[in-house]
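Residue numbering for the sequence shown follows the working numbering, starting at 10 and increasing by one per position.
Just so you know, even glycine gets a beta-carbon here, dropped at the ideal spot from N, CA and C.
Okay, structure first, notes after.
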Amino acid sequence: MNTKNTARSSYVNSRIESRTKKDAESVFRELGISQSEAVRLFYRQVIIHRGVPFDIRIPNKETIAAFSELSNERRTLQSYHSAKEMLADVLPKSVQKRK
10 MNTKNTARSS YVNSRIESRT KKDAESVFRE LGISQSEAVR LFYRQVIIHR GVPFDIRIPN
70 KETIAAFSEL SNERRTLQSY HSAKEMLADV LPKSVQKRK
């Protein structure tokens, strides 16, 4: 690599939510990289992919409703100890009797 081109002389400044920043920094620490290295990696991937290196899509109405429901904590997620237990709860009784 040409050392003349590796000088870091440009800055990127951006505003981001505190929680998002803290959560991302926690992941960076686990990966053993700095915030600056993470930004450099993102920029390199943009160059390699000639675009954003992941899909960006406009969510449909159902997805937006699900996000809203979860963020408002109107729904408690159910957990199960087995697939059999989950199916007994989810499937209509008429389907369960056919087995």
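- Between Phe37 and Ala47, which are expected to be in contact by the criterion C-beta below 8 Å, what is the C-beta distance as a whole number of angstroms? Mapped onto the sequence shown, residue 37 falls at position 28. Mapped onto the sequence shown, residue 47 falls at position 38. Their Cβ separation, rounded to whole angstroms, is 5 Å, which keeps Phe37 and Ala47 in contact under 8 Å.
- alpha helix (DSSP H) containing Asp32: first to last residue? Stepping through the sequence shown from its first residue, residue 32 is reached at position 23. From DSSP, the alpha helix (DSSP H) with Asp32 extends over 27-40.
- Message: Between the alpha carbons of Arg24 and Glu34, how many angstroms are there, rounded?
- Response: By one-based count along the sequence shown, residue 24 stands at place 15. By one-based count along the sequence shown, residue 34 stands at place 25. Taking the straight line joining both Cα atoms gives about 15 Å.
- Task: Identify whether Tyr52 lies in helix, strand or coil by the three-state DSSP scheme.
- Result: Here the question's residue 52 lines up with position 43 in the sequence shown. In the structure shown, Tyr52 sits in a helix (DSSP, three-state: H, G or I).
- Message: Here's a check: name, in chain order, each residue in its chain whose Cβ is nearer than 8 Å to the Cβ of Asp98, leaving out the five neighbours to either side.
- Response: One-based indexing of the sequence shown puts residue 98 at position 89. Around Asp98: Gln87, Tyr89.
- Which residues mark the beginning and the end of the alpha helix (DSSP H) in which Phe76 is found? By one-based count along the sequence shown, residue 76 stands at place 67. First-last of the alpha helix (DSSP H) with Phe76: 70-80.
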